[in-house]
Amino acid sequence: MASLAPSRPLLGATTPGARATRSVRHLGPNWYASVMGTSVVGTAGAALPVTVPGLRTVCTAVWALSLAMLLALLTARAAHWHRHRDQARAHLLDPAVAPFYGCLSMALLAVGGGTLTLGRDWIGLPAAVALDAVLFTAGTAVGLAAAVAVPYLMVVRHRIEQASPVWLLPVVAPMVSAALGPLLLPHLPEGQARQTLLIACYAMFGISLLATLVMLPLVFGRLVLDGPLPLALTPTLFLVLGPLGQSTTAANAFADAAAGVLPATYAHGFAAFAVLYGVPVTGFALLWLALAGAMVVRARRAGMGFAMTWWAFTFPVGTCVTGAEGLARHTGLDAFRWLAIGLYAFLAAAWLVAGTHTVRGLVSGALLAAPAPAPAVPVPATARTR
């Protein structure tokens with residue numbers, strides 16, 4: 260279907276409607292990563308195992324900003340689908356863009372979870388529960404659909420040459436639902452309703468974890484066999500931290516919620532699982548953080564500039580913060596407290612840098628411009644030739 264954008268005015272004039280239409284033509288689903296990264300700065304900061312005067316108020320303000328960003332982006336993306344359906348369909352058929360539809364789910368879920376942990380201070384508990392219920396339901400539905408639809412498109416429609424860390428985005432979305440669903444348990448009727456939601460969250464934990472175990476070896480194999488990622492894509496290595504940190508967060512959330520919802524035997528099992536699973540996974544997350552960080556430093560020295568992929572430094576790291584916070588609660592170890600604080604400092608700095616560059620790109624219009632055509636360069640004999 261042809262674009263619904265207005266025709267070009269005579270004499271090169273540009274109407275406000277035409278400018279607005281073109282401004283959303285290249286607005287892809289990757290922009291939801293900015294909402295995710297902003298929301299997790301608030302929610303992770305509110306749960307830090309340290310007392311800082313005014314911290315909760317600042318975190319609540321950051322959550323409010325993420326809510327405003329979500330509403331603005333949903334409106335802009337709706338205009339994108341309405342006016343530029345050809346481009347929207349092209350995004351779905353692009354193997355580099357389609358996986359970012361998982362970010363829509365995670366943005367809805369992240370803002371919804373922040374509503375119950377922070378937004379309740381400003382809008383009241385009843386409104387917070389209602390808003391989170393809507394966002395959690397919508398985010399979970401979108402996430403489960405993306406976890407099926409995107410891999411299906413990868414198999415039957417996409418032409419894929421190499422594995423990419425962005426493949427993890429659609430399959431990690433159900434893990435975000437698993438981690439944030441337990442927040443709604445106290446607001447459901449006792450008995451079957453609470454048990455069903457908790458078990459459903461545990462099932463989504465399994466969906467995401469097993470899918471990640473399928474994808475991750477492909478990503479690492481691509482690095483070993485074909486060498487480093489292109490400079491602009493190097494930050495996406497941080498996406499691997501998402502399922503690791505979020506699964507640890509989910510395991511701790513199950514342990515917190517299971518008591519009084521499930522029989523004592525299962526509740527004790529979830530408490531043990533939170534530590535037995537979370538500690539080794541956090542260890543691997545730190546290993547990957549060091550590897551990905553070294554690759555980013557290398558890319559930066561080679562001239563890597565800002566791109567929207569820099570938002571990969573935020574939400575995945577934020578999940579590791581919340582995972583470490585949960586382990587600090589369940590083990591009582593100061594080591595996890597300091598780990599959470601150190602990772603949060605990195606998260607806050609990354610958010611400020613990515614946010615500043617994004618605002619500049621929006622003001623200049625550079626981030627909403629059509630992508631530049633790839634230069635015609637000879638293909639090297641091997642991927643490792645430099």
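All residue numbers for the sequence shown refer to the working numbering, where the first residue is 260 and numbers rise by one. For each residue, glycine too, the CB sits at the ideal point set by N, CA and C.
Query	Result
Rounded distance between the beta-carbons of Asp391 and Gly372, thought under 8 angstroms	7 angstroms
Under 9 angstroms between C-beta atoms of Thr297 and Leu377	no
Sheet register partners of Ala518 (DSSP bridge)	Leu521
Sequence-distant residues of the same chain with beta carbon closer than 8 angstroms to Arg481, five excluded per side	Gln421, Ala422, Ser423
Through-space distance from Thr471 to Pro312, alpha-carbon basis	39 angstroms
Any 3 or more C-beta pairs closer than 8 angstroms across the segment 537 to 553 and the segment 573 to 585	yes
Spatial neighbours of Ala599 in its chain, beta-carbon cut-off 7 angstroms, leaving aside the 5 residues before and after	Leu307, Pro308, Val580, Ala583, Glu584, Ala587
Cβ-Cβ separation, Leu457 to Ala553 (assumed contact under 8 angstroms), whole Å	That belief does not hold up - the Cβ atoms of Ala553 and Leu457 are roughly 39 angstroms apart, past 8 angstroms.
Under the three-state DSSP convention, the category Ala355 falls into	coil
Three-way DSSP call (helix, strand, coil) for Pro308 in this model	coil
Proximity of Val534 and His589 at Cβ, strictly below 9 angstroms	yes
Contained alpha helix (DSSP H) runs [length at least 4] in the segment 353 to 420, N- to C-terminal order	360 to 373, 379 to 382, 384 to 415
Identity of the residue in Arg557, Val430, Ala628 nearest Gly486 by Cα	Arg557
Asn289 versus Thr524: straight-line alpha-carbon distance, rounded	42 angstroms
Of the residues Ala327, Leu363, Gly383, Trp322, the one placed nearest Val435, counting alpha carbons only	Leu363
Proximity of Val409 and Pro358 at Cβ, strictly below 9 angstroms	yes
Among Arg418, Ala625, Phe565, the one whose alpha carbon lies nearest that of Ala355	Arg418
Beta-carbon proximity check, Met474 vs Ala432, cutoff 9 angstroms	no
Every unbroken alpha helix (DSSP H) within the segment 565 to 591, with a cutoff of 4 residues, ordered by chain	574 to 590
Local conformation of Ala625 per DSSP, three classes	helix
Same chain, Cβ closer than 6 angstroms to Thr396, neighbours up to 5 away in sequence not counted	none
Residues near Thr319 in its chain [Cβ-Cβ closer than 8 angstroms; skip 5 each side]	Gly301, Ala305, Leu377, Gly378, Asp380, Trp381
Residue burial classification, Thr455 (beta-carbon count within 10 angstroms, cutoff 16)	exposed
Three-state class that DSSP yields for Arg284 in the structure shown	coil
Run of the alpha helix (DSSP H) containing Phe479, from where it starts to where it stops	451 to 485
Contacting residues, own chain, Cβ-Cβ under 7 angstroms from Leu477 (five flanking each side not counted)	Ala422
Between the CA atoms of Gly465 and Ala389 - distance to the nearest angstrom	27 angstroms
Sequence-distant residues of the same chain with beta carbon closer than 7 angstroms to Ser293, five excluded per side	Met328, Trp570, Thr617
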